[in-house]
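Residue numbers (our numbering), protein chains in the order written: chain A, 1 to 608; chain B, 609 to 690.
Where is the CB? At the ideal position from N, CA and C, for every residue including glycine.
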Amino acid sequence: MATIWWSAVARPEGEESLTPKALAERRSRGLQLLERPPAAPAARVSVQSTFCVDLFAPLLAEALARWDRPASEIVVGPFGQVAQQLLLESSELYAAEPDVLLLVLSVEDLLEPLFAPVSSGLPDAAAAALVERRVQELRGWLGVALGRLPRTTCCVTLVGPCGAPVEHVLGPLAPERGLGAVLRLHEGVRGLAELSSRIVVVDWEWHVRAQGVASLHDPRLWYLARMRLNPRGLATLAELVAGHLAAERGAAYKVAAVDLDGVLWGGVIGEVGPGGIELGEEGLGLAFQDFQRELLRLRELGVLLVACSKNNPEDVAAVFSEHPAMVLRREHFAAQRVNWQDKATNLSELAKELNVGLDSFVFFDDSLVERAWVRQALPEVAVAELPPDPVARPGMLRSCPYFRRIVLTDVDRGRAGAYAGEHRRRDLAAGSTSFEQFLASLDQRARIEPVSDATLARAAQLCQRTNQFNLTSKRYGIAELEAMLGDGSTELYTLSVSDTFGDSGITGLTILRLGDQEAEIDTLLMSCRVLGRRLEEVLLAFLAERALALGARFLVGRFIPTARNAQVADIYPAHGFEPTGAGSFRLDVKRHRPAAPPEAQVRIVADV
Amino acid sequence: MYESLKHILAEILGCASEEIPDDAQLTMLDGWDSLRHLELMLELEAEFDIHIQAKEIRELASLEQINDYIHARIPGQAPQDS
Chain A
1 MATIWWSAVA RPEGEESLTP KALAERRSRG LQLLERPPAA PAARVSVQST FCVDLFAPLL
61 AEALARWDRP ASEIVVGPFG QVAQQLLLES SELYAAEPDV LLLVLSVEDL LEPLFAPVSS
121 GLPDAAAAAL VERRVQELRG WLGVALGRLP RTTCCVTLVG PCGAPVEHVL GPLAPERGLG
181 AVLRLHEGVR GLAELSSRIV VVDWEWHVRA QGVASLHDPR LWYLARMRLN PRGLATLAEL
241 VAGHLAAERG AAYKVAAVDL DGVLWGGVIG EVGPGGIELG EEGLGLAFQD FQRELLRLRE
301 LGVLLVACSK NNPEDVAAVF SEHPAMVLRR EHFAAQRVNW QDKATNLSEL AKELNVGLDS
361 FVFFDDSLVE RAWVRQALPE VAVAELPPDP VARPGMLRSC PYFRRIVLTD VDRGRAGAYA
421 GEHRRRDLAA GSTSFEQFLA SLDQRARIEP VSDATLARAA QLCQRTNQFN LTSKRYGIAE
481 LEAMLGDGST ELYTLSVSDT FGDSGITGLT ILRLGDQEAE IDTLLMSCRV LGRRLEEVLL
541 AFLAERALAL GARFLVGRFI PTARNAQVAD IYPAHGFEPT GAGSFRLDVK RHRPAAPPEA
601 QVRIVADV
Chain B
609 MYESLKHILA EILGCASEEI PDDAQLTMLD GWDSLRHLEL MLELEAEFDI HIQAKEIREL
669 ASLEQINDYI HARIPGQAPQ DS
């Protein structure tokens with residue numbers, strides 16, 4: 001049997017096949033987790049479903065913990081009560097105010113008249129009307145829930161069906177088959193995501209294609225307990241939901257560090273020469289080429305590619321410039337280390353060069369020894385289990401869970417290009433005699449704008465990912481930021497920067513909370529890509545002016561130290577704030593406000 | 609009696625197997641409700657590599673019946689310890 005290297009629903013630490021034994025172990029770990037929930041931050045989860053999912057809670061608890069989005073509580077509501085729970089303000093759902101609301105719907109339940117064997121089938125028009133009504137209902141219910149639960153993430157999934165309503169009629173478009181209505185319902189549920197960035201749709205039907213639906217159902221459980229999914233199905237659902245919620249947190253990796261010999265092509269250049277490697281349009285050569293294509297696709301999705309190889313640089317350069325079958329070009333790599341140093345040292349240097357943490361790296365190498373060494377020397381780096389057979393690798397790279405996100409932001413789309421610009425910026429810095437001259441030559445434009453629905457996802461992503469220039473490291477998600485937007489006493493601003501080399505997009509965020517006498521800087525962070533360009537001065541000057549305009553006497557800032565943010569420990573005192581103890585600082589904005597850098601170095605557009 | 613069977617049931621009910629009496633019956637024993645019963649049946653299927661029909665699931669309502677059933681299905685391997 002072919003080994004599946006990560007189906008769409010498994011993650012590396014998870015078992016590859018859900019044997020009854022593996023299921024029992026997950027369930028038992030889950031029960032322990034529910035009994036002794038992890039300390040905060042952990043999510044309270046409410047599950048509402050159209051069928052019985054009473055065996056789901058331990059499986060979900062176990063999957064969420066493994067995906068690093070632990071739950072402190074999972075409440076499974078009475079099944080078949082979705083409308084009541086979502087519409088009645090007095091329902092248990094609203095009393096519980098969960099952090100995550102999971103709606104588990106089934107096609108058979110939502111389109112019951114279509115599946116009920118007693119009916120002689122619905123006329124096409126009636127089926128279409130039924131679907132339309134169901135989708136509108138769901139949109140309405142979710143709208144109510146989003147309004148009443150302003151901090152909650154709503155995860156929605158539509159399970160099933162096991163087959164078309166009438167399998168005796170084979171023509172896919174035959175109205176008696178009833179498939180059109182099913183497909184439209186799926187489309188309608190997928191479309192729920194457009195209602196709000198707080199809605200995460202788990203596309204069950206698509207994700208379970210590879211393993212097939214038959215193994216996820218058990219008619220005995222349906223007839224005896226109204227369960228539409230068996231434990232295996234519930235574990236699969238748990239895995240999918242946990243994976244989506246982890247991706248929603250934006251914890252994705254940013255860098256793919258690839259070995260060259262045996263990974264981008266077959267063979268060792270040092271032995272066979274640049275012309276002798278296995279790479280081309282046929283056989284294994286095509287598998288290597290497809291692996292390169294998948295890497296190129298990752299790059300388009302905002303993943304940085306770096307090369308890390310023990311080789312002679314001239315040999316590698318010859319392959320990149322001369323081999324006709326190469327898909328990847330030198331310029332696709334944000335950085336490279338081709339030398340005879342050990343790979344852990346090389347990866348550390350690459351991290352420094354890119355100004356990205358090693359915990360953003362995934363390492364791809366065909367050598368078990370190199371993998372073991374990196375795993376041991378740099379435990380924060382994710383080391384991929386590259387299948388030994390090259391033909392399995394393109395599929396593995398396509399479905400590996402490291403780089404997943406719910407949606408791409410504009411910054412993701414432009415990241416690879418932005419880092420290419422960064423290299424040219426460095427070259428320019430080397431040519432300028434003074435830092436001021438360099439900044440002036442960049443023609444920087446900084447734009448400060450209030451956070452809006454359109455920029456909420458990027459703002460949350462910055463909260464999750466920014467480690468170095470981050471004063472308080474508060475890891476807000478979309479739901480929490482959206483709640484702040486509406487609370488009337490909090491202001492959220494993004495910073496975007498552009499210069500002669502391109503637009504870095506939104507690379508900074510600040511959150512200002514208004515009190516009686518003072519305005520507190522709850523969050524102040526900037527992406528490492530734009531550090532060292534006096535943009536912190538832009539933000540602090542802006543915040544001081546804003547505090548004054550809002551009638552505050554003091555602007556208060558806090559520094560909460562982490563393992564990574566030492567570089568900003570002194571930022572407040574350096575800009576005239578006085579320490580008030582316990583990592584807090586304050587500035588009397590009536591007496592002193594930090595100055596913004598001269599316009600020659602940064603032109604500021606504040607759009608308040 | 610029925611020690612290994614009690615062990616499996618105790619695991620599902622989250623209690624100690626000593627708390628389960630020999631004459632335990634479905635719905636009479638605290639926690640052994642219809643859902644836990646289904647879990648027990650699935651667990652036994654995995655443990656003994658058998659398939660239990662829905663009708664049988666409904667009829668197997670006591671430790672004694674379950675023990676006899678498994679013993680009949682797989683002679684020699686059943687949890688027939690005393």
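Practice problem: Kindly indicate if chain A contains any beta-carbon less than 8 Å away from that of B:Gly622. | Solution: Numbered from 1 along the second sequence, position 14 holds the residue referred to as residue 622 of chain B. By this cut-off, B:Gly622 is an interface position.
Exercise. Closer than 9 Å, Cβ to Cβ, to anything on chain B: give me those residues from the segment 218-234 of chain A, in chain order.
Key: Asp218, Pro219, Arg220, Leu221, Tyr223, Leu224, Ala225, Met227, Asn230 and Pro231
Quiz item: Going by other Cβ atoms of all chains shown within 10 Å of its Cβ, with 16 needed for buried, is A:Pro390 buried or exposed?
Solution: As a first step, residue 390 of chain A must be located in the first sequence, where it is residue number 390. The residue in question, A:Pro390, is buried, as its Cβ has 16 or more Cβ neighbours within 10 Å.
Quiz prompt | Proximal residues, the segment 613-647 of chain B versus chain A, C-beta separation under 8 Å | solution = Glu619, Gly622, Ser642, Leu643, Leu646 and Glu647
Quiz item: For a contact meaning CB atoms closer than 7 Å, what does A:Pro20 contact in chain B?
Solution: Along the first sequence, one-based indexing puts residue 20 of chain A at 20. Those within 7 Å of A:Pro20 in chain B are Ala654.
Practice problem: Out of A:Gly417, A:Val263, A:Pro561 and A:Ala544, state which residue places its alpha-carbon closest to the alpha-carbon of A:Phe554. | Solution: Walking along the first sequence from the start, residue 554 of chain A turns up at place 554. The shortest Cα separation from A:Phe554 among A:Gly417, A:Val263, A:Pro561 and A:Ala544 belongs to A:Ala544.
Quiz item: Which of the three DSSP states, helix, strand or coil, is assigned to A:Met526?
Solution: Numbered from its first residue, the first sequence carries residue 526 of chain A at position 526. Reduced to three states, the DSSP call for A:Met526 is strand.
Quiz item: Using a beta-carbon distance below 8 Å, is A:Ala24 in contact with chain B?
Solution: Here the question's residue 24 of chain A lines up with position 24 in the first sequence. Yes, because at least one Cβ of chain B sits closer than 8 Å to the Cβ of A:Ala24.
Quiz item: Could one say the Cβ of B:Leu650 lies closer than 8 Å to chain A's Cβ atoms, at least one of them?
Solution: Residue mapping note: residue 650 of chain B aligns to position 42 of the second sequence, counting from 1. Chain A, which has a Cβ nearer than 8 Å to the Cβ of B:Leu650, makes this yes.
Self-check item: Backbone secondary structure at A:Met1 - three-state DSSP
Solution: Numbered from 1 along the first sequence, position 1 holds the residue referred to as residue 1 of chain A. Model confidence at A:Met1 stands at a pLDDT of 30, short of 50, so the residue's coordinates are unreliable; what they give is reported in the following sentence. Coil.
Quiz item: Are A:Leu625 and A:Glu97 closer than 8 Å when you measure CB to CB?
Solution: For residue 625 of chain A there is no data in the structure shown, the boundaries of chain A being 1 and 608.
Quiz prompt | Nearest residue (CA-CA) to A:Ala483, options A:Gly243, A:Phe559, A:Leu101 and A:Gly147 | solution = The residue you call residue 483 of chain A lines up with position 483 of the first sequence. With distances taken between Cα atoms, A:Ala483 lies closest to A:Gly147.
Quiz item: Is it buried or exposed for A:Leu173, if we count other Cβ within 10 angstroms and need 16 for buried?
Solution: Taking the first sequence and counting its residues from 1, one reaches residue 173 of chain A at position 173. Burial call: exposed.
Quiz item: So with Cβ pairs under 8 Å, would you call B:Ile678 a contact of chain A?
Solution: Working through the second sequence from its first residue, we reach residue 678 of chain B at position 70. Cβ-Cβ to chain A under 8 Å: no for B:Ile678.
Quiz item: Taking 8 Å as the CB-CB limit, is A:Leu55 close to chain B?
Solution: Along the first sequence, read from residue 1 onward, the residue named residue 55 of chain A stands at position 55. It does: the Cβ of A:Leu55 has a partner Cβ on chain B nearer than 8 Å.
Quiz prompt | Local conformation of A:Glu13 per DSSP, three classes | solution = For the purposes of this step, residue 13 of chain A is taken as residue 13 along the first sequence, with counting starting at 1. With a pLDDT of 43 at A:Glu13, under the threshold of 50, the predicted position of this residue should be treated as unreliable, though the coordinate-derived value follows. Coil at A:Glu13, not helix or strand.
Quiz prompt | A:Phe585 - containing beta strand (DSSP E), residue span | solution = Translated into positions along the first sequence, residue 585 of chain A becomes position 585. From DSSP, the beta strand (DSSP E) with A:Phe585 extends over Ser584 to Asp588.
Exercise. Please check if any C-beta of chain B sits within less than 8 Å of the C-beta of A:Leu31.
Key: As a first step, residue 31 of chain A must be located in the first sequence, where it is residue number 31. It does; some Cβ of chain B falls within 8 Å.
Practice problem: Check the Cβ-Cβ distances between B:Ala669 and every residue of chain A, and say whether any is below 8 Å. | Solution: Your numbering for residue 669 of chain B matches position 61 in the second sequence. Cβ-Cβ to chain A under 8 Å: no for B:Ala669.
Practice problem: Thinking A:Leu439 and A:Arg533 are a contact (beta carbons under 8 Å), I'd like their distance in whole angstroms, please. | Solution: Working through the first sequence from its first residue, we reach residue 439 of chain A at position 439. Working through the first sequence from its first residue, we reach residue 533 of chain A at position 533. Going by Cβ atoms, the distance from A:Leu439 to A:Arg533 rounds to 6 Å, so yes, they are a contact pair.
Quiz item: Within the 8 Å Cβ cut-off, does B:Ile665 reach chain A?
Solution: In the second sequence, the residue the question calls residue 665 of chain B occupies position 57. By this cut-off, B:Ile665 is an interface position.
Practice problem: With DSSP as the reference, please indicate the residues paired to B:Ile620 in a beta bridge. | Solution: The sequence position of residue 620 of chain B within the second sequence is 12, counting from 1. Beta-bridge pairing links B:Ile620 to no other residue.
Practice problem: Count the other C-beta atoms from every protein chain shown that fall within 10 angstroms of the C-beta of A:Leu408, then say buried if there are 16 or more, exposed otherwise. | Solution: Position 408 of the first sequence, counted from the first residue, corresponds to residue 408 of chain A. The residue is exposed, with fewer than 16 neighbouring Cβ atoms inside 10 Å.
Practice problem: Using three-state DSSP, classify A:Cys155 as helix, strand or coil. | Solution: As a position in the first sequence, residue 155 of chain A is number 155, starting the count at 1. A:Cys155 falls in the strand class under three-state DSSP.
Self-check item: Buried or exposed (CB count within 10 angstroms, at least 16 for buried), B:Glu593
Solution: This structure leaves residue 593 of chain B out entirely; chain B is present only between 609 and 690.
Quiz item: So A:Glu578 is in the beta strand (DSSP E); what residue range does that whole segment cover?
Solution: Translated into the one-based positions of the first sequence, residue 578 of chain A becomes position 578. Unbroken beta strand (DSSP E) run through A:Glu578: Glu578 to Gly581.
Quiz item: What residue from B:Met609, B:Gly622 and B:Ala632 has the CA that sits closest to B:Ser670's CA?
Solution: The sequence position of residue 670 of chain B within the second sequence is 62, counting from 1. Comparing Cα-Cα distances from B:Ser670 to each of B:Met609, B:Gly622 and B:Ala632, the minimum goes to B:Ala632.
Quiz item: What residues are listed by DSSP as bridge partners for A:Tyr493?
Solution: Within the first sequence, the letter at position 493 stands for residue 493 of chain A. For A:Tyr493, which the question treats as bridged, DSSP gives the partners A:Pro450 and A:Thr510.
Practice problem: Determine the contact status of A:Ile277 and A:Gly267, defining contact as a CB-CB distance below 8 Å. | Solution: The count along the first sequence starts at 1 and reaches residue 277 of chain A at position 277. The count along the first sequence starts at 1 and reaches residue 267 of chain A at position 267. Yes, Cβ-Cβ distance for A:Ile277 and A:Gly267 is below 8 Å.
Quiz item: Can you give the beta carbon distance from A:Asp259 to A:Phe364, rounded, assuming they're within the 8 Å contact cut?
Solution: Numbered from its first residue, the first sequence carries residue 259 of chain A at position 259. Numbered from its first residue, the first sequence carries residue 364 of chain A at position 364. Sure, about 6 Å apart at Cβ, within 8 Å.
Quiz item: Which residue from A:Gln461, A:Leu368 and A:Val82 puts its Cα closest to that of A:Val451?
Solution: Along the first sequence, one-based indexing puts residue 451 of chain A at 451. Out of A:Gln461, A:Leu368 and A:Val82, A:Gln461 has the C-alpha closest to the C-alpha of A:Val451.
Quiz item: Between the C-alpha atoms of A:Arg293 and A:Val327, what's the straight-line distance to the nearest angstrom?
Solution: What you label residue 293 of chain A is simply residue 293 of the first sequence in a count that begins at 1. What you label residue 327 of chain A is simply residue 327 of the first sequence in a count that begins at 1. Cα to Cα, A:Arg293 sits roughly 7 Å from A:Val327.
Exercise. Have a look at the DSSP bridge pairing and note the partners of A:Glu278.
Key: On the first sequence, position 278 is the one that residue 278 of chain A refers to. Paired residue(s): A:Gly266.
Exercise. State whether the segment 282-298 of chain A contacts the segment 441-456 of chain A, with contact taken as three or more CB pairs (one from each stretch) at a distance under 8 Å.
Key: no
Quiz prompt | Where B:Ser625 falls: helix, strand or coil (DSSP) | solution = Taking the second sequence and counting its residues from 1, one reaches residue 625 of chain B at position 17. Note: B:Ser625 maps to helix in three-state DSSP.
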